[in-house]
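Q: Quick one: this structure, given as structure tokens, is what I'll be asking you about.
Number of protein chains: 2
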Amino acid sequence: MKTTITDVARQAGVSIKTVSRVLNDEPNVAEATRAKVVKAAGELQYAPNLAARGLAGSRSYMLALIYDNPNPSYIAGLQGGAVAACRRKGYRLVLEPMTQAAAEAPDVALTLRRLGVDGVIVSPPLSASDSLLAALADVGLPHVAIASSPIGSVPTVHMDDAEAAHRMTCHLIDHGHGAIGFVAGPDSHPASSRRREGFVRAMTEAGLAVPAVRMAQGDFTFDSGVRAGRTLLSQGGDRPTAIFATNDDMAAGVMAAATEAGFAIPDDLSVGGFDDTPIARMIRPGLTTIAQPIRDMGAAAAMRLIARPVGDGSDADAFGFDLAVRGSTGPAPT
Amino acid sequence: MKTTITDVARQAGVSIKTVSRVLNDEPNVAEATRAKVVKAAGELQYAPNLAARGLAGSRSYMLALIYDNPNPSYIAGLQGGAVAACRRKGYRLVLEPMTQAAAEAPDVALTLRRLGVDGVIVSPPLSASDSLLAALADVGLPHVAIASSPIGSVPTVHMDDAEAAHRMTCHLIDHGHGAIGFVAGPDSHPASSRRREGFVRAMTEAGLAVPAVRMAQGDFTFDSGVRAGRTLLSQGGDRPTAIFATNDDMAAGVMAAATEAGFAIPDDLSVGGFDDTPIARMIRPGLTTIAQPIRDMGAAAAMRLIARPVGDGSDADAFGFDLAVRGSTGPAPT
DNA sequence: TTTCGTGTTGACAGCGCTGTCAAGAGCTTT
DNA sequence: AAAGCTCTTGACAGCGCTGTCAACACGAAA
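Okay, here's the thing in structure tokens:
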């Protein structure tokens, strides 16, 4: 038999409403009364029924995380941060993986409403889907997007991908590299273009050329990195001395391709990645990459939803990043 | 304004109870009536309030996944399968990461009850915690464990780690290896000993020795694999010609250590892993490893909880595995 | 003294659904 | 024709909690 609020009220000798007040940290409860209730609740091992609470209070104490990210360590980080934040506030996190197609289908709104959550966290690349965001706004579901730049009118938690790419590129340039290859991610991913922007800006600022022949297209997979690496390195004397692949999997692919072609890293070729996923530490040499505070971003997103700020519908939390320098980058060969 | 069951009932011209019956696929509803209700619900974009449903029906339509696994791709697989199964049945999956310490704390039971879920999926290594399982049974929370062998009295979804390790070892032996090194996982992980058992059995069956000097201890991290690899390979002429590391991260570490020491893989040394995580395809050569049907196991676990089987409290779902042969294993050097 | 404000408490009405039970309709069986 | 089925439907009472509102005690202000 589950203990209910009524049991606690009886045990403490007060009304159920008073118990409710104590449990919800409402003001105007005498200290002595509060203590009695806390004691009774403890003795009875009372756990409030969340369904009842949700029904009565019209809040479900649930947040959903919508994602479609093939990168497990990225979503794991997001989840970890979000769950931690939720837990601190008595919320729960429910998972809602979703393909791009599903996110743009006309019935997403219904599907999401059916979840019955208080808010949803939309992670990239889905956070770039205007139709998803519109659907969310349509059904009045509070939401926050995690993205690579602030999104108009939608609360956003973001990290500046362009700035990070700029930093990585400067790191390479500072080491004397001039012929730098670039492996882009898929266009469907908004972060891809942001990273390209940062790269191009840094190159331009340094007065370096960005010939099309040094720009390769990848799709964030290891295999696409291998292909891009082979292409980029098969240019004879004019080959790049450094390659910036815009995620770690592709960078690992580039490194594999380079090794296969007989180039030593970092002596003959420097390689930069992006994301600082576990693989960056598991390949030799270690991969120089951009570390994002993913956990913190997940936590921040959850907090935004839980706190329900008043009046500000479009502000954004900006997060920084770190350049994790490992062995894959070094001075340009002379 | 959210539409309620009352709105649908009015629109369809029936009672709310009839709407409820249709929504829950209860028997004894005239086909014509059912159609009317379905039509009305569709027109109104009706989504049942889960809190109310939970309160009235004493089911929350939520399952929790308890985990403490540092391996993102493992839990991602589990989650993916579980979520998919949940979704098919109108359930939601809530995340409950938990440290080993938290899982053994005296108040887990309360914490879990507080979640208000209908059942919980316990993944390894937490599924080895008797106190957690006992606490779950204590508060009457239905649960299923995902483990490396059936657990007495607890419904279990498992894959035979010993058998898988046996298979990997045989693969190595079949390639002519006799001096095979072994890198164990942490003892806290039940899969560790199962994998060791399988290894030892295969060696014994083949009449091969298992000297202590070829058994190394790791902790499932890349770094521990590097250390184990160095130790195992620093034995001069008596070094192993193959090393079976019991997870992919450690195997990658062993490969890094081997390369660093000047051994070519697989010509000088064969390396086997376990889990078939993404990294197995991202290192060169590709890692021969054991592929577990993690997604399917996650789905099976969820289904067990949703179906609420009658009368059988201790049966188990057994899953098979695959030996994914890649380039890291080859004939023993002559 | 009376009036007023402030802090504290409880009674009570739902929140939106499902479970129980009974009633009515349309059969078949005696 | 009466009795007994089965199928279909609806009335109604909660599930356990929170929100609203009223009641009361007490001290401060008039």
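Listed in order, the protein sequences are those of chains A and B. So for the first sequence, the working numbering puts the first residue at -5; every next one is plus one. So for the second sequence, the working numbering puts the first residue at -5; every next one is plus one. Where is the CB? At the ideal position from N, CA and C, for every residue including glycine. On a predicted model such as this, the values are computed, not experimentally measured, just so you know.
Beta-carbon of A:MET276 versus every beta-carbon of chain B: anything under 8 Å?
A: Translated into positions along the first sequence, residue 276 of chain A becomes position 282. Yes, A:MET276 lies at the interface with chain B (some Cβ there is under 8 Å from its Cβ).
Q: Classify A:ARG47 as buried or exposed, calling it buried when 16 or more other Cβ atoms lie within 10 Å of its own Cβ.
A: Within the first sequence, residue 47 of chain A is the residue found at index 53, counting from 1. It is buried - the Cβ of A:ARG47 has at least 16 other Cβ atoms within 10 Å.
Q: Measure the alpha-carbon distance for A:ALA196 versus A:SER218 and round it to whole angstroms.
A: Position 202 of the first sequence, counting from 1, holds the residue named residue 196 of chain A. Position 224 of the first sequence, counting from 1, holds the residue named residue 218 of chain A. One C-alpha to the other measures close to 24 Å.
Q: Could I get the ranges of all uninterrupted alpha helix (DSSP H) runs contained in the stretch 61 to 148 of chain A, with 4 residues as the minimum, in chain order?
A: Correct list: 66 to 82, 94 to 98, 102 to 109 and 124 to 132.
Q: Quick one: residues in its chain with C-beta nearer than 8 Å to the C-beta of B:ASP181, no 5 flanking neighbours on either side, listed in chain order?
A: On the second sequence, residue 181 of chain B is found 187 positions in, with the first residue counted as 1. So the list reads SER187, once near-sequence residues are dropped.
Q: Decide if B:PRO205 is buried, meaning its Cβ has at least 16 other Cβ atoms within 10 Å, or exposed.
A: Here the question's residue 205 of chain B lines up with position 211 in the second sequence. Exposed, by the Cβ-count rule.
Q: Could you confirm whether any beta carbon from chain A is found closer than 8 Å to the beta carbon of B:PRO339?
A: No answer is possible for residue 339 of chain B: the residues shown for chain B start at -5 and end at 328.
Q: Per DSSP, which residues does B:VAL207 bridge with? Please list them.
A: One-based indexing of the second sequence puts residue 207 of chain B at position 213. None; B:VAL207 has no bridge partner.
Q: Are A:VAL151 and A:ASP311 close, meaning C-beta to C-beta below 8 Å?
A: Residue numbering aside, residue 151 of chain A sits at position 157 when the first sequence is read from its first letter. Residue numbering aside, residue 311 of chain A sits at position 317 when the first sequence is read from its first letter. Yes. Within cutoff.
Q: Along chain A, in chain order, which residues have C-beta atoms closer than 7 Å to that of B:ARG86?
A: Here the question's residue 86 of chain B lines up with position 92 in the second sequence. What B:ARG86 touches in chain A: VAL88 and LEU109.
Q: Is the stretch 247 to 261 of chain A touching the stretch 219 to 228 of chain A in the sense that three or more CB pairs, one from each, lie closer than 8 Å?
A: Touching, yes, given that three or more Cβ pairs across the two stretches are closer than 8 Å.
Q: Identify the contact partners of B:VAL77 in chain A, using a Cβ-Cβ distance below 7 Å as the criterion.
A: Locating residue 77 of chain B in the second sequence gives position 83, where the first residue counts as 1. Residues of chain A passing the Cβ test: LEU89 and PRO91.
Q: Under 8 Å between beta-carbons, which chain B residues line up against A:THR253? List them in chain order, please.
A: For the purposes of this step, residue 253 of chain A is taken as the residue at position 259 of the first sequence. Neighbours of A:THR253 on chain B, chain order: ARG278.
Q: Hey, does B:PHE216 have any beta-carbon neighbour from chain A nearer than 8 Å?
A: Residue numbering aside, residue 216 of chain B sits at position 222 when the second sequence is read from its first letter. Chain A, which has a Cβ nearer than 8 Å to the Cβ of B:PHE216, makes this yes.
Q: Going by alpha carbons, who is nearest to A:PHE238 out of A:GLY192, A:ARG275, A:CYS80 and A:THR253?
A: By one-based count along the first sequence, residue 238 of chain A stands at place 244. It is A:GLY192.
Q: Keeping to the same chain, check which residues put their C-beta closer than 8 Å to that of A:ASP132; ignore five residues upstream and five downstream.
A: The residue labelled residue 132 of chain A in the question sits at position 138 within the first sequence. Closer than 8 Å at Cβ, skipping near neighbours: ALA103.
Q: Closest to A:PRO119 by C-alpha separation, out of A:LEU87, A:TYR61, A:ASP290 and A:ASP101, would be which residue?
A: Within the first sequence, numbered from 1, the residue matching residue 119 of chain A stands at position 125. Measuring from the Cα of A:PRO119, the nearest candidate turns out to be A:TYR61.
Q: Which one of A:GLY201, A:ALA173, A:GLN211 and A:THR198 has the shortest CA to CA distance from A:HIS183?
A: Against the first sequence, residue 183 of chain A aligns to sequence position 189. Selected option, being the one with the closest Cα: A:GLN211.
Q: Counting only the same chain and skipping the five closest in sequence on each side, list residues whose C-beta sits under 7 Å from that of A:VAL304.
A: Counting from one through the first sequence, the residue named residue 304 of chain A turns up at place 310. Its pLDDT being 44, under 50, A:VAL304 is placed unreliably in this model, and the coordinates cannot settle the point.
Q: Give the residues from the stretch 35 to 54 of chain A that approach chain B closer than 7 Å (Cβ to any Cβ), ordered along the chain.
A: Here the close residues are GLN39, ALA41, ASN43, LEU44, ALA45, ALA46, GLY48, LEU49 and SER54.
Q: What is the rounded straight-line gap between the Cα of B:LEU127 and the Cα of B:VAL148?
A: Position 133 of the second sequence, counting from 1, holds the residue named residue 127 of chain B. Position 154 of the second sequence, counting from 1, holds the residue named residue 148 of chain B. Between B:LEU127 and B:VAL148, the C-alpha separation is close to 8 Å.
Q: Anything in chain B within Cβ reach of A:GLN329, meaning under 7 Å, just list it in chain order.
A: Residue 329 of chain A lies beyond the stretch modelled for chain A, which goes from -5 to 328, so this question has no answer here.
Q: For A:ALA70, return the contacting residues in chain B, with the cut-off set at a CB-CB distance below 8 Å.
A: Within the first sequence, numbered from 1, the residue matching residue 70 of chain A stands at position 76. Chain B residues near A:ALA70: PRO66, ILE69 and ALA70.
Q: Would you verify that the beta carbon of B:ILE273 is, or is not, closer than 8 Å to some beta carbon of chain A?
A: For the purposes of this step, residue 273 of chain B is taken as residue 279 along the second sequence, with counting starting at 1. For B:ILE273, the answer is yes, since a Cβ of chain A falls inside 8 Å of its Cβ.
Q: Kindly provide the ranges of any beta strand (DSSP E) runs that are 3 or more residues long and lie completely inside the stretch 169 to 225 of chain A, ordered along the chain.
A: Whole beta strand (DSSP E) segments, 3+ residues: 174 to 178 and 209 to 211.
Q: Which residue marks the beginning of the alpha helix (DSSP H) containing A:ASP290, and which one marks its end?
A: For the purposes of this step, residue 290 of chain A is taken as the residue at position 296 of the first sequence. Segment 288 to 301, the alpha helix (DSSP H) holding A:ASP290.
Q: Helix, strand or coil: how does DSSP classify A:PRO167 here?
A: Taking the first residue of the first sequence as position 1, residue 167 of chain A is located at position 173. According to the sequence as given, residue 167 of chain A is Ile; it is not Pro. A:ILE167 falls in the helix class under three-state DSSP.
Q: Below 8 Å, how does it come out for the stretch 39 to 59 of chain B and the stretch 259 to 270 of chain B: are there three or more Cβ pairs, yes or no?
A: Not touching, per the Cβ criterion.
Q: Judging by CA-CA distance, which residue of B:ALA79, B:PHE315 and B:MET249 is the nearest neighbour of B:VAL177?
A: For this step, residue 177 of chain B is matched to residue 183 along the second sequence. Among B:ALA79, B:PHE315 and B:MET249, the Cα nearest to that of B:VAL177 is on B:MET249.
Q: Name the chain A residues that come within less than 7 Å of B:ASP261, Cβ to Cβ?
A: Translated into positions along the second sequence, residue 261 of chain B becomes position 267. Going along chain A, no residue has its Cβ under 7 Å from B:ASP261, so there is no contact; the nearest lies around 16 Å.
Q: Any idea if B:PRO66 is buried or exposed, counting beta-carbon neighbours within 10 angstroms, 16 or more meaning buried?
A: Translated into the one-based positions of the second sequence, residue 66 of chain B becomes position 72. Label assigned to B:PRO66: buried.
Q: So what's A:LEU17 in DSSP terms, helix, strand or just coil?
A: Your numbering for residue 17 of chain A matches position 23 in the first sequence. Helix, per DSSP.
Q: Run through the DSSP bridge pairs and tell me what A:SER264 is partnered with.
A: To locate residue 264 of chain A, count along the first sequence from 1; it is residue 270. Per DSSP, A:ALA236.
Q: Does the beta carbon of B:ALA246 come closer than 8 Å to any beta carbon on chain A?
A: Here residue 246 of chain B refers to the residue found at position 252 when the second sequence is read from its first residue. Yes, B:ALA246 lies at the interface with chain A (some Cβ there is under 8 Å from its Cβ).
Q: 8 Å is my cut-off, CB to CB: does B:ALA97 come that close to chain A?
A: Taking the second sequence and counting its residues from 1, the one referred to as residue 97 of chain B is at position 103. No, because no Cβ of chain A sits closer than 8 Å to the Cβ of B:ALA97.
Q: Using a Cβ-Cβ cut-off of 6 Å (strictly less than) and excluding sequence neighbours within five positions of B:ALA97, which residues of its own chain qualify?
A: Taking the second sequence and counting its residues from 1, one reaches residue 97 of chain B at position 103. Answer for B:ALA97: LEU120, SER123 and LEU126, listed in chain order.
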